[in-house]
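Chains A and B supply the protein sequences, listed in that same order.
The opening position of the first sequence corresponds to residue 1 in the numbering used here, with each subsequent residue numbered one higher.
The opening position of the second sequence corresponds to residue 1 in the numbering used here, with each subsequent residue numbered one higher.
For every residue, glycine included, the Cβ atom is placed at its ideal position computed from N, Cα and C.
Quantities reported herein were computed from a predicted structural model and do not represent experimental measurements.
Protein chains: 2
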Amino acid sequence: MPKTITTTPLTRRNAAVLSLAATAAVVASPAVAQSQPQLRWRMVTSYPKSLDTLDGGCRMLAKIVSDLTDGRFDIQVFAAGEVVPALAVLDAVQNGTVEMGHTASYYYVGKEPSLAFDTCLPFGLNARQQNAWMTHGGGAALMQELFAPYNIKVFPAGNTGAQMAGWFRKEIATVEDLRGLKFRTGGLVGQILTKLGVVPQQIAAGDIYPALERGTIDAAEWVGPHDDERLGLQKVARYYYAPGWAEGSAQVSLYVGQSRFDGLPPAYKSAVEQASAAVNTWMLGKYDNDNPAALRRLVASGAQIRLYSREVLTAAFDASEQLYAELSAKDPKFKKIFDAWNAYRREESLWFRVNELQFDSYMAFRLGRPG
Amino acid sequence: MPKTITTTPLTRRNAAVLSLAATAAVVASPAVAQSQPQLRWRMVTSYPKSLDTLDGGCRMLAKIVSDLTDGRFDIQVFAAGEVVPALAVLDAVQNGTVEMGHTASYYYVGKEPSLAFDTCLPFGLNARQQNAWMTHGGGAALMQELFAPYNIKVFPAGNTGAQMAGWFRKEIATVEDLRGLKFRTGGLVGQILTKLGVVPQQIAAGDIYPALERGTIDAAEWVGPHDDERLGLQKVARYYYAPGWAEGSAQVSLYVGQSRFDGLPPAYKSAVEQASAAVNTWMLGKYDNDNPAALRRLVASGAQIRLYSREVLTAAFDASEQLYAELSAKDPKFKKIFDAWNAYRREESLWFRVNELQFDSYMAFRLGRPG
Numbered sequence: 001m002p003k004t005i006t007t008t009p010l011t012r013r014n015a016a017v018l019s020l021a022a023t024a025a026v027v028a029s030p031a032v033a034q035s036q037p038q039l040r041w042r043m044v045t046s047y048p049k050s051l052d053t054l055d056g057g058c059r060m061l062a063k064i065v066s067d068l069t070d071g072r073f074d075i076q077v078f079a080a081g082e083v084v085p086a087l088a089v090l091d092a093v094q095n096g097t098v099e100m101g102h103t104a105s106y107y108y109v110g111k112e113p114s115l116a117f118d119t120c121l122p123f124g125l126n127a128r129q130q131n132a133w134m135t136h137g138g139g140a141a142l143m144q145e146l147f148a149p150y151n152i153k154v155f156p157a158g159n160t161g162a163q164m165a166g167w168f169r170k171e172i173a174t175v176e177d178l179r180g181l182k183f184r185t186g187g188l189v190g191q192i193l194t195k196l197g198v199v200p201q202q203i204a205a206g207d208i209y210p211a212l213e214r215g216t217i218d219a220a221e222w223v224g225p226h227d228d229e230r231l232g233l234q235k236v237a238r239y240y241y242a243p244g245w246a247e248g249s250a251q252v253s254l255y256v257g258q259s260r261f262d263g264l265p266p267a268y269k270s271a272v273e274q275a276s277a278a279v280n281t282w283m284l285g286k287y288d289n290d291n292p293a294a295l296r297r298l299v300a301s302g303a304q305i306r307l308y309s310r311e312v313l314t315a316a317f318d319a320s321e322q323l324y325a326e327l328s329a330k331d332p333k334f335k336k337i338f339d340a341w342n343a344y345r346r347e348e349s350l351w352f353r354v355n356e357l358q359f360d361s362y363m364a365f366r367l368g369r370p371g
Numbered sequence: 001m002p003k004t005i006t007t008t009p010l011t012r013r014n015a016a017v018l019s020l021a022a023t024a025a026v027v028a029s030p031a032v033a034q035s036q037p038q039l040r041w042r043m044v045t046s047y048p049k050s051l052d053t054l055d056g057g058c059r060m061l062a063k064i065v066s067d068l069t070d071g072r073f074d075i076q077v078f079a080a081g082e083v084v085p086a087l088a089v090l091d092a093v094q095n096g097t098v099e100m101g102h103t104a105s106y107y108y109v110g111k112e113p114s115l116a117f118d119t120c121l122p123f124g125l126n127a128r129q130q131n132a133w134m135t136h137g138g139g140a141a142l143m144q145e146l147f148a149p150y151n152i153k154v155f156p157a158g159n160t161g162a163q164m165a166g167w168f169r170k171e172i173a174t175v176e177d178l179r180g181l182k183f184r185t186g187g188l189v190g191q192i193l194t195k196l197g198v199v200p201q202q203i204a205a206g207d208i209y210p211a212l213e214r215g216t217i218d219a220a221e222w223v224g225p226h227d228d229e230r231l232g233l234q235k236v237a238r239y240y241y242a243p244g245w246a247e248g249s250a251q252v253s254l255y256v257g258q259s260r261f262d263g264l265p266p267a268y269k270s271a272v273e274q275a276s277a278a279v280n281t282w283m284l285g286k287y288d289n290d291n292p293a294a295l296r297r298l299v300a301s302g303a304q305i306r307l308y309s310r311e312v313l314t315a316a317f318d319a320s321e322q323l324y325a326e327l328s329a330k331d332p333k334f335k336k337i338f339d340a341w342n343a344y345r346r347e348e349s350l351w352f353r354v355n356e357l358q359f360d361s362y363m364a365f366r367l368g369r370p371g
């Protein structure tokens, strides 16, 4: 066992003990230095700097790693487009262009649909259930297996919580109202909405406002009140729908090149892993903290909150299940993860229905009214 | 800026670079050693070893700190009673008997009721809202101010999620059914239940089973399915009530003697803070992961799940508000924290009602049925 020094407030006696320890440690210094090299790595992200939750989380992650290593492990964060485009993060880490990336894995469902499990599937796990699946439910191992062919080590590193369903120029009362709707969204959501007659549109964030204003599109989803407020969509599409069934939570992830990660000293590996875990809570906390006030401001400036009818939710749920069955039939990798995830989703829903949901429902009944 | 070394897979070239770095670093070694002393600290907890979530979280926290410091900062975890009794953790850290403690601050409401805010108040914040309040909503600063007179630095370091309301020998349909009920519970909950005619009983965990079996008490609350299962209460009090309005979440906290913490090198301070944050997610994830299966087993062995009626919840909510008004009237410190917390609770309920709750409700409707 190493010699024990107990830190106490700065006293002469204590300073002397520390000083002795310093002298003694000179012998061991090469080993210490070897285990604590100066590193400067680059992290590319899929977010603009204006998103203080997503971009802010990446910078917080870098700061924590720096703090944990006395500044020896320095990670420089680059917003979308500064080194690689927003949706080239996976490629950049896989190819070794950079050591690290921070992104939402569902951006890459074009490579394979299973990547969505690392972010969310429509009608999927809420943020707590996703965290439970990743920390204790076998999700992390399945995701690591999925990312192995990309030579990427992957960590949960943030979550938005349940997103809003989006901004609509007209009210959506029935499934019929969805037919022919030009809706800005992407990935698996687009495939599900297509089954309901919606025409999905891929449009960059900055182009949503003019497209809605001109009527080129009829609806658009982004994130939730805090992030949406910056786009000003309530002025051109005032019906703001909930719940965001497509993203009951959305996890964002840290990617590290596998061989880069393997080459790190153990304490640096731990710093990366624990900083990701800490930022996971930090980011969800920031969304949950910032959304209520943003929602109040949006409503004050004209947004009209609407809840999807059960009919609309049920049609979307059924279309989701149909898509998952189709993907499972043709993609064994998807089927393997889906079967585990689906059983998990069912058991978590059962437990949340018995207790957590009863508590939240009563609190909403007593306190959750605007005023 | 420090010299940059990029780690790559082990190659001769890379090994040579690292070796050069090691040689160069010898000059700086006394500083390195001074900033990274060998420490062995003791953490006392309020939990028996059998609780693999609470006790397990403490051991995980110690492991993370060790991993982050290459084993230099070694924390030994002592279960309840091994060094000090379960409910003497605050005193032990305040008095400097040990450097660290892990406990639930509401155990100490006898010292002052405000300490409950660091765990939960009945009809309070759910786990995500508590995290949001602590990370971004001003809660952490208020808690630090509260703990300053105890010379304790306090960190959120775990959460149970919503607890169950407890085990009852008979069904509780109306408020009248609560009158005269001998109910094992404590703290502020006991004071609220007293207003409803309940007779609160303080009984150690190990004594609950025989007390229910003999009819010395009529009901008892503990935590939730995973922890409750070990007590076997379904055999002697089969009605298992939800929601646990008294603990919509329950945060547990890491205490560090303030002067001990102040004496730590910066990277060790960060290790303690980030390990606490990581364990916060780890523990809640473990509860959320383990509770569904435990609930199924409890039901299979005789537990009957019951939901409190709205009448009962409303009576308990009103009695809670009455207690908070009384405490605010006579305790300015309580009033200051309550006013901030109460406004936060209201805004969070509003936002969760609009979105998160709608999503969870639909998922429970579609998936959350036993079968």
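When every heavy atom of the ligand ADP is checked, does at least one fall within less than 7 Å of the C-beta of residue 174 of chain A? As for the ligand ADP, it is missing from this structure, which has no ligand bound.
Taking C-beta pairs closer than 8 Å, name the residues in chain A that residue 377 of chain B reaches, listed in chain order. Here chain B has residues from 1 to 371 only, and residue 377 of chain B is not among them.
Taking only beta-carbon atoms, is residue 47 of chain B less than 8 Å away from chain A? Taking Cβ atoms only, chain A never reaches closer than 8 Å to residue 47 of chain B, which makes this a no.
Compute the distance between the beta-carbons of residue 140 of chain B and residue 134 of chain B, then report whether it is under 8 Å. yes
Does the CB of residue 281 of chain B have a neighbour CB from chain A at under 8 Å? yes
With C-beta atoms as the reference, is residue 107 of chain B less than 8 Å away from residue 46 of chain B? yes
Beta-carbon proximity list for residue 366 of chain A, same chain, < 8 Å, skipping 5 on both sides: none
Determine the direct distance from the alpha carbon of residue 93 of chain A to that of residue 154 of chain A, and round the result to whole angstroms. 11 Å
I need the DSSP call for residue 339 of chain A, collapsed to helix, strand or coil. helix
What residue range is occupied by the uninterrupted beta strand (DSSP E) comprising residue 315 of chain A? Premise fails: residue 315 of chain A lies in the alpha helix (DSSP H), 310-330, not in any beta strand (DSSP E).
Residue 329 of chain A versus residue 360 of chain B - alpha carbon distance: 28 Å
So residue 172 of chain A contacts chain B; which residues on that side make the cut at Cβ distance below 9 Å? None at all; the shortest Cβ gap to chain B is about 14 Å.
Apart from the five residues just before and just after residue 76 of chain B, which ones in its own chain have a Cβ nearer than 6 Å to its Cβ? For residue 76 of chain B, same chain residues with a beta-carbon under 6 Å away, outside a window of 5 residues either side, are 42 in chain order.
May I have the straight-line CA-CA distance separating residue 345 of chain B from residue 129 of chain B, to the nearest angstrom? 8 Å
Helix or strand or just coil, what does DSSP make of residue 239 of chain B? strand
6 Å CB neighbourhood of residue 351 of chain B in its chain, flanking five on each side removed: none
Roughly how many whole angstroms lie between the Cα atoms of residue 17 of chain A and residue 265 of chain B? Note on residue 17 of chain A: pLDDT 35, under 50, position unreliable in the model; the coordinate value appears next. Those two C-alpha atoms are separated by around 14 Å.
Say whether chain A places a C-beta atom closer than 8 Å to the C-beta of residue 360 of chain B. yes
Residues in its own chain within less than 7 Å of residue 86 of chain A by CB, not counting five upstream and five downstream? Only residues of its own chain outside the window of five on either side were considered, and among them 46 and 80 have a CB closer than 7 Å to the CB of residue 86 of chain A, listed in chain order.
Measuring only the C-alpha atoms, how far is residue 318 of chain B from residue 308 of chain A? 32 Å
Of the residues A:115, A:218, A:158 and A:146, the one placed nearest residue 55 of chain A, counting alpha carbons only: A:158
Against chain A: residues of the segment 116-134 of chain B by CB proximity under 8 Å: Answer set for the segment 116-134 of chain B: 123, 126, 127, 128, 129, 131, 132, 133 and 134.
So what does residue 155 of chain A bridge to, in DSSP terms? A:254
With 16 other CB atoms within 10 Å as the buried threshold, where does residue 249 of chain B fall? buried
Would you give the residue range spanned by the beta strand (DSSP E) that residue 182 of chain B belongs to? 182-184
Does the Cβ of residue 302 of chain B have 16 or more other Cβ atoms within 10 Å, making it buried, or fewer, making it exposed? exposed
Cβ contact check for the segment 108-123 of chain B and the segment 266-278 of chain B: 3 or more pairs under 8 Å: no
List, in order along the chain, the chain B residues whose C-beta lies closer than 7 Å to that of residue 69 of chain A? 267
Assigned secondary structure, residue 201 of chain B (DSSP; H/G/I helix, E/B strand, else coil): Of the three classes helix, strand and coil, the one that applies to residue 201 of chain B here is strand, per DSSP.
Same chain, Cβ closer than 7 Å to residue 197 of chain B, five either side skipped, listed in chain order: 178, 179 and 180
What three-state label does DSSP hand residue 75 of chain B in the structure shown? Reduced to three states, the DSSP call for residue 75 of chain B is strand.
Residue range of the alpha helix (DSSP H) that includes residue 89 of chain B: 89-94 is the span of the alpha helix (DSSP H), which, as asked, contains residue 89 of chain B.
Please state if the CB of residue 164 of chain A and the CB of residue 246 of chain A are separated by a distance shorter than 8 Å. Not a contact, by the Cβ cut-off of 8 Å.
Determine, using beta carbons only, whether residue 347 of chain A comes closer than 8 Å to chain B. Put simply, the CB of residue 347 of chain A is near chain B, with a gap under 8 Å to one of its CB atoms.
Can you tell me where the beta strand (DSSP E) holding residue 168 of chain B begins and where it ends? 166-168
Using the beta-carbon count (16 or more within 10 Å), is residue 176 of chain B buried or exposed? exposed
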